[in-house]
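In the numbering used here, the protein residues as written are 308 to 523.
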């Protein structure tokens, strides 16, 4: 007789029952759109931006930004694949069996959390004149340690790690704890341990490595 699903597990599984292809397409479009608008704000914050633009000084920025837009879907697919694998591996190490396919689908859905910091950054600087410089817009990461300390008070090699420690990452981990609980049947405490082993530890290793190899 199959094990009866908990109300939380049933709600999670029901919420994942939709066309993931359309969702992914909309997610990519929304992310590119917000990043495009934010990049335009960054350019407007550059002193004498119109004059500089006419001189063609922004050509490299436009090329780099366009490549970033084109790379967005592949960036997301790689991220989903890597995170799903790390959490599958974390569950395996702790003795739990979770279908990799379910983890990948959940990674796709949970990514919507990271739309919010992109959107907040755009809304905060929707009037670029409020920024002291274009760098302020570029480096702003809402609800992060970097924004709390101030990017100007932090060495360049520490900006990315401090920006990565933020409220949205914590919320992402909570979502993954619920997801692991739903797919593995383990309690929330054991599910949180899977997230710690499969996500928090690899992230800490990556950020530490970044700081060690960074060159100004």
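Backbone N, C-alpha and C define an ideal beta-carbon position, used for all residues, glycine too.
Using the beta-carbon count (16 or more within 10 Å), is residue i buried or exposed?
| i | result |
| --- | --- |
| residue 473 | buried |
| residue 371 | exposed |
| residue 491 | buried |
| residue 493 | buried |
| residue 391 | buried |
| residue 367 | exposed |
| residue 505 | buried |
| residue 387 | buried |
| residue 314 | exposed |
| residue 373 | exposed |
| residue 513 | exposed |
| residue 500 | buried |
| residue 415 | buried |
| residue 334 | buried |
For the alpha helix (DSSP H) that contains residue i, what are its first and last residues?
| i | result |
| --- | --- |
| residue 484 | 474-491 |
| residue 523 | Careful: residue 523 lies outside any alpha helix (DSSP H) and carries neither H nor E. |
| residue 324 | Looking at the DSSP string, residue 324 is not in any alpha helix (DSSP H), and its letter there is neither H nor E. |
| residue 401 | That residue, residue 401, is in no alpha helix (DSSP H); it is neither H nor E in DSSP. |
| residue 459 | Here residue 459 belongs to no alpha helix (DSSP H), and DSSP marks it neither H nor E. |
| residue 432 | Taken as a continuous stretch (DSSP letters only), residue 432 belongs to no alpha helix (DSSP H), as it is neither H nor E. |
| residue 442 | 441-446 |
| residue 499 | 495-502 |
| residue 413 | 407-417 |
In its own chain, which residues sit with a C-beta less than 8 Å from the C-beta of residue i, not counting the 5 before and 5 after it?
| i | result |
| --- | --- |
| residue 507 | 480 |
| residue 433 | 348 |
| residue 406 | 490 |
| residue 466 | 446, 453 and 458 |
Residues in the same chain with beta-carbon distance under 6 Å from residue i, minus the five sequence neighbours each way, listed in chain order, please.
| i | result |
| --- | --- |
| residue 557 | Outside the shown range of the chain (308 to 523) lies residue 557, about which nothing can therefore be said. |
| residue 413 | 486 |
| residue 429 | 341, 344 and 345 |
| residue 482 | 417 |
| residue 424 | 449 and 475 |
| residue 410 | 391, 394 and 395 |
| residue 435 | 348, 351 and 352 |
Excluding five sequence neighbours on each side, which residues of the same chain lie with their C-beta closer than 7 Å to the C-beta of residue i?
| i | result |
| --- | --- |
| residue 326 | none |
| residue 441 | 349, 352 and 353 |
| residue 469 | 451, 452, 453, 456 and 461 |
| residue 426 | 341 |
| residue 518 | 464, 465 and 468 |
| residue 478 | 420 |
| residue 484 | 495, 498, 499 and 502 |
| residue 338 | 379, 422 and 425 |
Who are residue i's beta bridge partners in DSSP?
| i | result |
| --- | --- |
| residue 451 | 473 |
- Query: Would you say the stretch 345-357 touches the stretch 442-457, given that touching needs at least three Cβ pairs under 8 Å?
  - Reply: yes
- Item | Inter-stretch contact (C-beta, 8 Å, three-pair minimum) for the stretch 453-464 and the stretch 385-405 | no
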